[in-house]
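A.B. asks: Here it is, the structure, as C-alpha cells.
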Amino acid sequence: MQGGAGFNSVPSTVPLDKSRVLDVKPLRSLKPIFSTSHEAPPYVCATPDGPFPLGFSPFYPFNTPPSPPPPPEPVRSVADPAPIRSFRTPGTESNGLGTMNRDASSGGRRRPGRPRSGRSDRKAKKYHIVAPLADYVAPISSSQREDGSKEAVDLVMRHFDGLRRRLSQLDDSKEVPSGLARRSDLRAVNLMMSKGFRTNMRKRVGAVPGIEIGDIFFFRMEMCAVGLHAQSMGGIDWFNVKGDLEEETLAVSIVSSGYYNDDAEDKDVLVYSGQGGGAGLQKGRQTSDQKLERGNLALDRSMRRSSQIRVIRGMSDGTTPGTKIYVYDGLYIIQESWIEKAESGAGTFKYKLVRMPGQADAFGLWKMVGKWKEDPSSRPGLILPDLTSGAETISVCLVNDFDNEKGPAYFTYCSTPKHSKAFGLLQTYGCGCQKGCAPGDLNCSCIRKNNGDLPYTTGGVLVIQKQLVYECSASCPCGPLCKNRVAQGGIKIRMEVFKTKNRGWGLRAYEPIRSGTFICEYAGDIIDKARLKQKVHEGENDEYIFDTSRVHEPVKWNYEPALLGEDGTDDSSEDPEVQPQLIISANDIGNVARFMNHSCEPNVFWQPVVWEEGGQAFLHIAFYALKHIPPMAELTYDYGVVPKDSDVGGAAYRKRKCLCGSSKCRGYFGL
DNA sequence: GCGGCGTCAACTTT
DNA sequence: CAAAGTTGACGCCG
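Every number in the working numbering is 4 more than the matching position in the first sequence, counting from 1.
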C-alpha cells in the first residue's frame, strides 16, 4: 500500500529523458518530404532537427523531432529478407506437463507441433490505397515479436488503431460505401503484420506479457496483433504442446461473444459452446453433431489437464450500437463438459469454465458499473448524483467509497472556459457548407484549415494529434449535426469524480472509451501570464492551473505514417502566427477536467482545439483518450513540467512530487 | 525433417 | 444482412 513511495525516488535529471522514448521512427525525415495536402507547399525539405521552413516550425513539444533511433534492435539486413513468420520460434513449450495420456481418437493423428510458416506473401491486394514504404522496419525486435511486454503491446495497439482511424478517415473522404470495402480493421492489421509489427506471437498457456485483466479491445484483429487470441474469427485458440513422450493439443484462449448460446450470466462461470456443426446463430445453416476435433478437442484436453484458459468476453457496446467490445476477463479452468442437444437435435459440446480466484474484476466490474449507470443511487459511497448541477447534458456522480471526506473544496461548476475578447484569435475561418461538412470536400474552409481532412472519423473519434484542430461553429451554416463539432458538444461519457487513495479526488468513466474519443475540455478562468505570476507571487495555492507553456513529453499517439507511404509532416498550421498558448485556472470555476490527476504514464492527452463563439475564434484545450480505457480506470494526463527558464517564480509552482506509481514515473510534475 | 503451397474453418465486420 | 475477408491449422508434396 505504502510502497508507492518507492516509485518516487527523485531522479536528478531533467524529466525529458529521450533515451526512454520508445517511439522509433524511420529515417523518413532525411528524404524529401512530399506533402499530402492539397493546400500546402508541394515540396518541403526538413531534417529532424530543423531548421524548419516557414510555417513548419514545431512550436509544440509533441512536434519535437523524433529522437535518434535507439540501438538498432536486430534490424534485418537487406540481404536477409526473411518472411516475418519465420521468426517464430519452435513451439516447444513443455508447460511442465507430465506423461501424456494417449488418446486414440486424436493423439496419434496429430502431427508434431512444429511451427508452421504461413505464407509471407499473403497481403491485401485491392485495398492498399497507398503502399507502405518498402524499407520500413517495424520498431519491434524479433524477440518482442515472440514474447512481448507492456511497451510492445502498447506500441502495437497504438499503431493499429491509429492506422485504422486514418484509413477510416480516408474512406470517409472518398465516400466509400459502407459494408463492402470498409474494413479498416483488416487493412490496418494487414499493413502491420506484413511488416512484422506485432507481438506475443508465441502461443502460451496463461497470462500474456503486457496484457492485463480488464484490458479492452474493439476488434478481433487487435487481439490477434498483440497475441491475446490469435484466431481472427475462430472462438477457440489452441496449439500443440510437446510433452515428455508425445505432443498434445491445449486450448489457450476463447472468445465468448454471443454467437452461440453461451451462458454468460454469472461473472465467474461461463458455459461455453464448442465450435462447428453449424451450431451458431447464423440462419440457414445445416446443423450436424459437433466433432471432438480442433478447438473442441483442445478444450477437452485442457479440461483433463486443468490447464488455464484465457477468457475474452465479447459484448455489445451500449454507447455505440452495432459494435462489439471485447474484455479480457482473465484465466479460467474447465470444470466439466457435456454434450447437449441443440434445438435442431444436433449435438453441441458444452464446457463449464470457472474463473480462477484472486483475479481482479473485469467482466464483473462491467456488470456492476452498468447498474450504477442506470441507477446512480446504487453506487456505494455516492455523495452527489450530479456534481455539475445540470451544467452538463449528462450527470457526473461524486463518490467517496474510500474515506469520510465529504467532497472537494468549494468551486463553481462551469462547463466551458471563460474567454474574454482579449483572448480571441485574430482570424475567423467559418465555412459555408449548407448541410454538414463532407469529409474530403476541399471547398469547405474548415476542412482546409485542418490540412484537408475532417479531423474526426466515425463516432467523433479524433484521427491524429496535431498542432491545432479547427472545429466548425456557430458562424458556419452546417448545423449542429456536422461531424466537425465534437469538443464543443461537451462531455458525452458518463463519469464520476471519486476519492483516490493518495491523490485527492480523481476522475474516471463508467463506460469503455475508445482511443481518440473526446472526453472533456479544460474549463476555468483564462488568465494571462502576468496574472499567473501574481498568483504565484502572492502565494496563492492554485493547484488547478493548466498551462500550455509547460514542457510536455511528446505524446506518442499518432500512427506510423510510413506504413501508409505518407511523410507524416504536420503542416496543418495555416496561421503560423497563431500561437496556441493558454493558461487556465480552474481554482474558482471549472469542470470535471480539474479533477483529472497527473500521471507519467497517462491514458489521456490534451489537444488545442479552436472554434468560434460570438464571431470570434477561441482556443480550447480538449482531452482525448490516448488508448482504449476500460470502465473505472482513472483518467490521467501528463501535466508536464514548468520549464527551467520560466520566469514564473515559486519553487512550489515549479515542481510537485509525483505519486502516479507508474514504472515510468519521472518523480516530479508541474503544478 | 523442413518448408512451400493449397485448402479449410471460424463466436467478424459494416 | 449477406458476403467479403482474414488468420492459422492442417495436409500434401518435394
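Ideal Cβ positions, reconstructed from N, Cα and C, are used throughout, including at glycine.
#1: If Gln173 sits next to Thr461, beta carbons under 8 Å apart, how far is it from one beta carbon to the other, in whole angstroms?
#2: Between Ala637, Arg168, Val157 and Val212, which lies nearest to Tyr563 when the distance is taken from Cα to Cα?
#3: For the candidate residues Asn204, Met161 and Lys470, whose alpha-carbon lies nearest to that of Asp559?
#4: From Val358, Leu511, Gly282 and Leu296, pick the residue whose C-alpha is nearest to that of Asn404; which is it?
#5: Look up Tyr689 in the DSSP assignment and say whether it is helix, strand or coil.
#6: Can you list the alpha helix (DSSP H) stretches of 4 or more residues lying completely in the region 152-202, in chain order?
#7: Looking at the structure shown, is Met225 part of a helix, part of a strand, or coil, going by DSSP?
#8: So, with DSSP's three-state summary, where would you put Ala346?
#9: Relative to the C-alpha of Val193, which residue among Arg317, Glu226, Pro213 and Gly218 is closest?
#10: Suppose you measure from the CA of Ser667 to the CA of Ala346; what does that come to, to the nearest Å?
#11: In this structure, how does DSSP classify Asp592 when only helix, strand and coil are distinguished?
#12: State yes or no: is the C-beta of Cys482 within less than 9 Å of the C-beta of Gln538?
#13: Under the DSSP definition of a beta bridge, which residues are partnered with Leu623?
#14: Can you give me the start and stop residues for the alpha helix (DSSP H) that Ile451 sits inside?
#15: How many Å lie between Glu252 and Val245 at the Cα?
#16: Could you tell me which residues DSSP puts in a beta bridge with Asp529?
#17: Between the region 378-385 and the region 341-355, do three or more beta carbon pairs fall short of 8 Å?
#18: Just tell me which of Asp642, Trp376, Gly665 and His624 has its CA closest to the CA of Val555.
#19: Going by DSSP, what residue range makes up the alpha helix (DSSP H) through Arg149?
#20: If you drop the 5 nearest sequence neighbours on each side, which residues of the same chain put their C-beta closer than 7 Å to that of Ala478?
#21: How about Leu623 and Val608: are their beta carbons less than 9 Å apart?
#22: Using 8 Å as the cut-off, can you tell me whether the region 317-333 makes contact with the region 221-239, which would need three or more C-beta pairs spanning the two stretches below that distance?
#23: With which residues is Ile220 paired in a DSSP beta bridge?
#24: Just to confirm, is the Cβ distance from Cys450 to Cys418 under 9 Å?
#25: If I'm right that Ala491 touches Glu547 with Cβ under 8 Å, what's the distance once you round it to whole angstroms?
#26: Please name the residue in Gly440, Asp272 and Gln148 whose C-alpha comes closest to that of Gly362.
C.D. replies: Walking through what the data contain:
#1: 5 Å
#2: Arg168
#3: The displayed chain sequence assigns Val, not Asp, to residue 559. Closest by alpha carbon: Lys470.
#4: Leu511
#5: Nothing can be reported for residue 689: it is not among the residues displayed for the chain, which extend from 5 to 675.
#6: 154-178 and 188-198
#7: helix
#8: coil
#9: Glu226
#10: 50 Å
#11: coil
#12: no
#13: Val614
#14: Ser449 to Lys453
#15: 5 Å
#16: Lys422 and Ser589
#17: no
#18: Asp642
#19: Ser146 to Glu150
#20: Glu616 and Glu617
#21: no
#22: yes
#23: Val331
#24: no
#25: About 24 Å separates the two Cβ atoms, so there is no contact after all.
#26: Asp272
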